[in-house]
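Participant: Attaching a single structure in structure tokens format; questions to follow.
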Amino acid sequence: MSTVGAFCVTLNENQCINSRMPGKCATCVEMCPYGVYGLNEDNEVRIQNYNACVGCRICAEFCPENAIRINPAESELVSRYPWTLGTIEEIHHKALTGGYGMRGFGTMGGPTPHFDTIVVVPSQLASPAPRDKYREECNMEVVIGEETCEKPIRLRYPFIFPAMSYGALSREAKLALAIAVAKTGIMTNTGEGGVVEEEPYYANGYERPDRKRKIWEPGGYLVVQWSTGRWGVSADYVNAGDAVEVKIGQGAKPGMGGHLLGDKVTEEIAAIRGIPVGSDALSPCRYYDVVGPEDIKKQVELLRDITNYEKPILMKLGPSRPYEDVKAAALAGVDAISIDGLVGGTGCSPEVVTQGVGIPTIAVIGPAARALKDLGLHRKVKLFALGGMRNGLDAYKAMAMGADGVGFGTAAEIAMGCRGCMACHQGNCPYGITSQNPKMRERLDPEEIGQRLANFINASAEEVKILTMLSGHSDIKELSEEDLRALDVNTAAITGLKLVGYERPLPWWENGHGK
Amino acid sequence: MAHAPSVLDAKGKDLKAASTALKAMLAEDSAVVKNAAHLHGLCGGLKSGEITIQGDSGDYLGVVNSGASIKITGNAGKYVADNMTAGTVIVEGNADFGAAQYCYGGTVVIKGSAGDFTATMNKGATIIIGGDVGDEAATYMVAGDVVVVGNAGENLGNYLIRGNIYVGGEWASLGHNCAVVDAESGDIRMVENWLQEFGLNADAKAFRKITPLSDKPFYSH
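For the record, the sequence lines run as chains Y and E.
FYI, the numbering for the first sequence is 1 to 515, going by my numbering.
FYI, the numbering for the second sequence is 1001 to 1221, going by my numbering.
Written out as structure tokens, the structure is:
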């Protein structure tokens, strides 16, 4: 789905500082990642490329005089689909350059089913009575590796920040995530780009490695990722966090590995990844040291050994064949599995892959949970659902469908300030989140943004609590598919949830197919 | 006073039991391990110590080695010295598929022959194969040196990004982005030193050198 031509840009010249005083203020020219605005030879701001606007409204946010309006022009989707201006521009771009479209962010628009066609069923007479959110307790703790590790992870809330690498993200953004997990008792993930020096002790709540008292309570956890590129991986790295995650794939580009181009491999990134400055850091799409499920099992075992059988071993999967994949992961002996949906985000991916490859998040969770149930491991091996989680409502629905918790990746970036301009891969993020440019990075204060993230997590946890208690539960582990209904036939068909009004799953689910 | 190193008989032991016993021995002394061919991932993540594996080893021996000196008197299983960052791994016999992948540093010597995908994604280690090497050796190498005394298979050095490959024998075919250049006197001396150090019999002057054709083999457009 291309956004070309999907928005109307209006500049109110009565309000615009530059219109009144040419040469002054050209913030919009500086901020727009797509060159919608330009300066003419008299230094007057002009809208030079209306059609490039993606509707992120960064310009409007930064405009000191509130002179910019961005209005959607989506009626075109009705009148010209499938030959919208966006499609036409995409074909022209390919015809002119021979290159395909790359962008950051995640799946947007289009017909992807998501959580919105599912509703929560409150409790009345026919089910256990609602619990009082203000006066009664609700257990939201998720424990990973309780029976297998000497140092299990105890998440205060059923949330994680999934893997986002240093390199794709700035150092400041990584530290903000670490501070946020320390303040909320959840866990973050290094991603595959190596570990930032402060990340481990920040995530645990300490300002310095030698400190005994936490500066951020209650302290959280850091997961280090073991991936197909193995950037910066050493014995110290594997032991730097509180758990190790074996990455198989991700939602935004399953089966494609990772892409950090040489231009972005600065001295600092090169040092942390252990490679020469300026060399392409392309993670392979598969492990060269894994051929078949037996090897993955051996890797899980050797990681347990390197971490002295103390730390949980996790695995991350992209959305492919959730039932079979999760079964294989569980049989490899991991303590928790994160499975990403089609809606998962990314710093850089071919557009066709982000938009059109993978299984939607709501169709991944059910089969993944069933795989664990069939092995007798549901709620023992923890399941985290990722991909397009926006709030406590999405989290509740995912958990009622069988997940133990959820990951907020894109939502975390938005909580840091992101407006979804989709230019993460260009390295000029105006908020310093996905940029290595010092000018952009200095805009991101890790403590301030860490607090924003913590606020977001706390608010989302409250939402989960409200929903859990109004549906008659005092523990998130009690949530089940009975707490949800599908609003339409399609959602009922792909999830197996009861259809509203019909009050049963669709017939083929009742006949046992798919369950 | 020199004395015989402690011996661990790994027969019937699982990885946890063998590894725990080995680490306890290494805290005091060097160690010899026998009957360890069924163990995968032994000697993982060690930072120091001298270990001799008597006979064959299982898969992933010396994975993430960060400073230990490991010697295998027999053949090594798959992925020996995987992801090593420092130290030495010497295999007296042959190595199976995927030896010395993802290594950042240290030295891996396979005195016999090695399988396919040896030294894949080498990021700075010195990897020496005394015999022949299979297909796809040194694929995606980002830094370091790979020496093949014998012959190499298909697609040698595929998408070489940085680093050098020295080959004493022939190769079936070269991968993308490989350039065959004249070995300089410094290169020859370096290869000669390695051959001598590890007791490999070959004429360093006969080695040909392969380097990356372009600095940026991907996304040239």
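Backbone N, C-alpha and C fix where the C-beta goes; we use that ideal spot for every residue, glycine too.
Since the structure is predicted, the reported quantities are computational estimates derived from the model, not experimental observations.
Out of S1066(E), T1085(E), I1070(E) and A1099(E), which one is the CA nearest neighbour of Y1079(E)?
Facilitator: Among S1066(E), T1085(E), I1070(E) and A1099(E), the Cα nearest to that of Y1079(E) belongs to A1099(E).
Participant: I'd like the ranges of any alpha helix (DSSP H) spanning at least 4 consecutive residues and lying wholly in the segment 1012 to 1086 of chain E.
Facilitator: Those alpha helix (DSSP H) runs which fall completely within the segment 1012 to 1086 of chain E and span 4+ residues are 1015 to 1026.
Participant: Between S338(Y), I476(Y) and G347(Y), which has its C-alpha nearest G392(Y)'s C-alpha?
Facilitator: Of S338(Y), I476(Y) and G347(Y), the residue nearest in Cα terms is I476(Y).
Participant: Can you list, in chain order, the residues of its chain whose CB lies under 8 Å from that of S435(Y), leaving out five sequence neighbours each side?
Facilitator: S170, G427, N428, C429 and R441, listed in sequence order.
Participant: Report yes if the CB atom of E197(Y) is closer than 8 Å to the CB atom of T190(Y), and no otherwise.
Facilitator: No, the Cβ-Cβ distance between E197(Y) and T190(Y) is not below 8 Å.
Participant: Leaving out the 5 sequence neighbours to the left and right, which residues in its chain are closer than 6 Å to G1115(E) when beta-carbon positions are compared?
Facilitator: D1096, F1097 and G1134, listed in sequence order.
Participant: What does a CB cutoff of less than 7 Å around C25(Y) pick up in its chain, not counting 5 residues either side in sequence?
Facilitator: For C25(Y), where only same-chain residues beyond five positions count, the Cβ hits under 7 Å are I17, N18 and P64.
Participant: Comparing the C-beta of H1040(E) with each C-beta of chain Y, is any distance below 8 Å?
Facilitator: It does; some Cβ of chain Y falls within 8 Å.
Participant: Measure the alpha-carbon distance for G341(Y) versus P319(Y) and round it to whole angstroms.
Facilitator: Their backbone Cα atoms lie some 5 Å apart in a straight line.
Participant: Look at D335(Y) and T148(Y) and say whether their C-beta atoms are less than 8 Å apart.
Facilitator: Yes, they are a contact pair.
Participant: Give me, in chain order, the residues of the same chain whose beta-carbon lies closer than 7 Å to that of T3(Y); leave out the 5 immediate sequence neighbours on both sides.
Facilitator: Same-chain partners within the cutoff: V54, G55 and G86.
Participant: Compare the Cα-Cα distances from T266(Y) to each of H259(Y), P254(Y), S279(Y) and G257(Y) and report the closest residue.
Facilitator: Here the closest residue by C-alpha is S279(Y).
Participant: By alpha-carbon positions, which one of W508(Y), G432(Y) and T354(Y) ends up nearest to Q250(Y)?
Facilitator: Comparing Cα positions, the closest option is T354(Y).
Participant: Output needed for Y221(Y): all residues of its chain with C-beta closer than 8 Å, excluding positions within five of it in sequence on either side, in chain order.
Facilitator: Here the set comprises I153, L155, V181, I186, M187, T188, A203, N204, G241, D242 and A243.
Participant: Cα-Cα, which of V1149(E), V1109(E), G1153(E) and D1082(E) is closest to K1123(E)?
Facilitator: The option with the nearest alpha carbon to K1123(E) is D1082(E).
Participant: Verify whether the separation of the beta carbon atoms of L1039(E) and L1015(E) is less than 8 Å.
Facilitator: Cβ distance < 8 Å, so L1039(E) and L1015(E) count as in contact.
Participant: Need the endpoints of the alpha helix (DSSP H) that N1164(E) sits in, please.
Facilitator: That residue, N1164(E), is in no alpha helix (DSSP H); its beta strand (DSSP E) goes N1164 to V1167.
Participant: Which word fits I1127(E), buried or exposed, when buried means at least 16 other C-beta atoms lie within 10 angstroms of its C-beta?
Facilitator: That one is buried.
Participant: Based on Cα-Cα distance, which residue from I1161(E), V1033(E), S1057(E) and I1110(E) lies nearest to L261(Y)?
Facilitator: It is I1161(E) whose Cα lies nearest to the Cα of L261(Y).
Participant: When DSSP labels each residue in this structure, what does S1214(E) get in the three-state scheme?
Facilitator: In the structure shown, S1214(E) sits in coil (DSSP, three-state: anything other than H, G, I, E or B).
Participant: Grab me the residues of G366(Y)'s own chain with a C-beta within less than 7 Å of its C-beta, minus the 5 sequence neighbours each way, in chain order.
Facilitator: Cβ neighbours of G366(Y) beyond the five flanking positions: M401, G402, T495 and G496.
Participant: With DSSP as the reference, identify every bridge partner of Y221(Y), one or two as the case may be.
Facilitator: DSSP lists M187(Y) as partners of Y221(Y).
Participant: Is it right to say W231(Y) is buried, meaning 16 or more other beta carbons lie within 10 angstroms of its own, or is it exposed?
Facilitator: With 16 or more other Cβ atoms within 10 Å, it is buried.
Participant: Roughly how many angstroms separate the alpha carbons of G1175(E) and P1212(E), rounded to a whole number?
Facilitator: The straight-line gap from Cα to Cα measures roughly 10 Å.
Participant: Grab me the residues of G1130(E)'s own chain with a C-beta within less than 6 Å of its C-beta, minus the 5 sequence neighbours each way, in chain order.
Facilitator: Around G1130(E): K1111, V1149 and L1200.
Participant: Would you mind telling me which residues of chain E sit closer than 8 Å to E301(Y), beta carbon to beta carbon, in chain order?
Facilitator: Near E301(Y) (Cβ distances below 8 Å), the residues of chain E are L1015, H1040 and G1041.
Participant: Excluding five sequence neighbours on each side, which residues of the same chain lie with their C-beta closer than 7 Å to the C-beta of V29(Y)?
Facilitator: Around V29(Y): Y37, G38, L39 and V45.
Participant: What does M1025(E) touch in chain Y if you count any residue whose Cβ is under 7 Å from its own?
Facilitator: Chain Y residues near M1025(E): none, gap ~15 Å exceeds 7 Å.
Participant: Just how far apart, CA to CA, sit I1090(E) and V1108(E)?
Facilitator: Near 6 Å, if we compare the C-alpha coordinates of V1108(E) and I1090(E).
Participant: Assess, as a yes-or-no matter, whether the segment 485 to 492 of chain Y is touched by the segment 412 to 426 of chain Y under the definition of 3 or more beta carbon pairs within less than 8 Å.
Facilitator: Judged by Cβ distances under 8 Å, the segment 412 to 426 of chain Y makes no contact with the segment 485 to 492 of chain Y, as fewer than three pairs qualify.
Participant: Short of 7 Å Cβ to Cβ, which residues in the segment 1059 to 1090 of chain E face chain Y?
Facilitator: From the segment 1059 to 1090 of chain E, only D1059, Y1060, V1063, V1064, S1066, Y1079, D1082, N1083 and T1085 have a Cβ closer than 7 Å to chain Y.
Participant: Quick check for students: name the residue ranges of the beta strand (DSSP E) that lie wholly in the segment 1122 to 1174 of chain E, counting only runs of 3 or more.
Facilitator: Segments of the beta strand (DSSP E) lying fully in the segment 1122 to 1174 of chain E: 1123 to 1129, 1143 to 1148 and 1164 to 1167.
Participant: Tell me which residues share the same chain as L177(Y) and place their Cβ nearer than 7 Å to its Cβ, disregarding the 5 neighbours each side in the sequence.
Facilitator: Excluding positions up to five away in sequence, the list reads F161, T188, A412 and L453.
Participant: Restricting to runs no shorter than 4 residues, where is the alpha helix (DSSP H) found entirely within the segment 425 to 475 of chain Y?
Facilitator: Taking only runs of at least 4 residues, the alpha helix (DSSP H) segments lying wholly in the segment 425 to 475 of chain Y are 438 to 441 and 446 to 470.
Participant: Closer than 9 Å, Cβ to any Cβ of chain Y: which residues of the segment 1095 to 1108 of chain E, in chain order?
Facilitator: Within the segment 1095 to 1108 of chain E, the residues whose Cβ lies closer than 9 Å to some Cβ of chain Y are F1097, G1098, Q1101, Y1102, Y1104 and G1105, listed in chain order.
Participant: Between which two residues does the alpha helix (DSSP H) holding P293(Y) run?
Facilitator: Unbroken alpha helix (DSSP H) run through P293(Y): P293 to I306.
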